[in-house]
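Read top to bottom, the protein sequences are chains A and B. Just so you know, the numbering used here puts 38 at position 52 of the first sequence, and the rest follows in order with no gaps. So the numbering used here is basically just the index in the second sequence, starting at one, shifted up by 15. No residue lacks a Cβ here, since even glycine has one placed at the ideal position from N, Cα and C. Below is one structure, written out as structure tokens; the observations come after it.
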Amino acid sequence: DIQMTQSPSSLSASVGDRVTITCQASQDVNTYLNWYQQKPGKAPQVLIYEAANLETGVPSRFSGSGSGTDYSFTISSLQPEDIGTYYCQQYEDLPITFGQGTRLEIK
Amino acid sequence: QVTLRESGPALVKPTQTLILTCDFSGFSLTTSGICINWIRQPPGKALEWLARIDWDDDKYYTSSLKTRLTISKDTSQNQVVLTMTNVDPVDTATYFCARQLTTVTKFDYWGPGTLVTVSS
Chain A
-13 DIQMTQSPSS LSASVGDRVT ITCQASQDVN TYLNWYQQKP GKAPQVLIYE
37 AANLETGVPS RFSGSGSGTD YSFTISSLQP EDIGTYYCQQ YEDLPITFGQ
87 GTRLEIK
Chain B
16 QVTLRESGPA LVKPTQTLIL TCDFSGFSLT TSGICINWIR QPPGKALEWL
66 ARIDWDDDKY YTSSLKTRLT ISKDTSQNQV VLTMTNVDPV DTATYFCARQ
116 LTTVTKFDYW GPGTLVTVSS
């Protein structure tokens, strides 16, 4: 199975800050890497798919990049509604695996 | 409008069989390139992918649970069913179903999830 190591596990930042989360795969996932946001008590929602593609309707302050085994997710200017937990997910190979999540809070 | 909704028992006893249903609308599982995935999330923990069924009835399972899981579909009822045998308290989780188009890797629509507690 491909292991996904996400960091940090939690993050506290101020409104307007630039926030970056990283995800490292145990092997090359060929940009088959998606990012999801999950709010408490809700299902995850895809924000970025295949490393750098912004999902329709998602604000442009969210972005993703990376290749091979190393990927990052960035919020360019943190907004209050961005609180939640963020997960990376690889789909290069089955079984699909997720990172352990990054809990984002506002300072 | 695409919607999915999971249903099943809120409480099951250890060793019993859990049957979860995903009812969906707004698309057909007879359409080429569509599949349904099951994912679970223990309380306070990360997401875990469990299984997938494709429009052509191909099925895939996570290796650690493969002997306990069965996924099936009823296209006339727009339903996907996940069966898990011999449940244990560690199977306590919120179970989600999610749609995927096989041409892309993202799960584009999710159900709200259903919480299943395994306890005697």
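Item                                                                                                                                                                  : Value
What does F111 of chain B touch in chain A if you count any residue whose Cβ is under 9 Å from its own?                                                               : A29, P30
Strictly below 9 Å CB to CB, what residues from chain A border A25 of chain B?                                                                                        : Correct list: empty, because the minimum Cβ distance to chain A is about 15 Å.
The beta strand (DSSP E) spanning E67 of chain A covers which residue range?                                                                                          : Note, E67 of chain A: premise wrong, no beta strand (DSSP E); not H, not E.
Quick check for students: name the residue ranges of the alpha helix (DSSP H) that lie wholly in the stretch 59 to 132 of chain B, counting only runs of 4 or more.   : none
Contact criterion: CB-CB distance below 8 Å. Does I82 of chain A meet it with respect to chain B?                                                                     : yes
Just verifying my parser: in three-state terms, what is the DSSP assignment at E21 of chain B?                                                                        : strand
Give me the Cα-Cα distance between W64 of chain B and T42 of chain A, rounded to the nearest whole angstrom.                                                          : 24 Å
What are the partner residues of V110 of chain A, as DSSP defines its beta bridges?                                                                                   : Given a span of -13 to 93 for chain A in the structure shown, any question on residue 110 of chain A remains unanswerable.
So with CB distances below 7 Å, who are the chain A contacts of D123 of chain B?                                                                                      : V32
Does the beta carbon of G43 of chain A sit closer than 8 Å to a beta carbon anywhere in chain B?                                                                      : no
Find the residues of chain A that neighbour S87 of chain B, judging by a C-beta separation of less than 9 Å, and give them in chain order.                            : Chain A residues near S87 of chain B: none, gap ~18 Å exceeds 9 Å.
May I ask you to list, following chain order, the residues of the stretch 10 to 25 of chain A that have a beta carbon less than 9 Å from some beta carbon of chain B? : Y18, L19, N20, Y22, Q24
Could you have a look at T45 of chain B and say whether DSSP puts it in helix, strand or coil?                                                                        : coil
What's the gap between the Cα of S135 of chain B and the Cα of P29 of chain B?                                                                                        : 6 Å
Quick check: does the Cβ of V17 of chain B come within less than 7 Å of any heavy atom belonging to the ligand FMN?                                                   : In the structure on display, the ligand FMN does not appear, and there are no ligands present to speak of.
Listing by chain order, which chain B residues have their CB less than 9 Å from the CB of E36 of chain A?                                                             : V119, T120, K121
Just list the residues that DSSP pairs Y77 of chain A with in beta bridges.                                                                                           : Answer is none; Y77 of chain A lacks a bridge partner.
When the cut-off is 8 Å and only beta carbons count, does Q86 of chain A lie next to chain B?                                                                         : yes
How is S58 of chain A classed by DSSP in three states: helix, strand or coil?                                                                                         : strand
On a CA-only basis, which of A:L90, A:I92, A:G27, A:C74 is nearest A11 of chain A? Give me that one, please.                                                          : A:C74
Need the endpoints of the beta strand (DSSP E) that Q16 of chain B sits in, please.                                                                                   : Where Q16 of chain B is concerned, there is no enclosing beta strand (DSSP E), given that its DSSP letter is neither H nor E.
For E91 of chain A, report the span of its beta strand (DSSP E) as first-last.                                                                                        : 88 to 92
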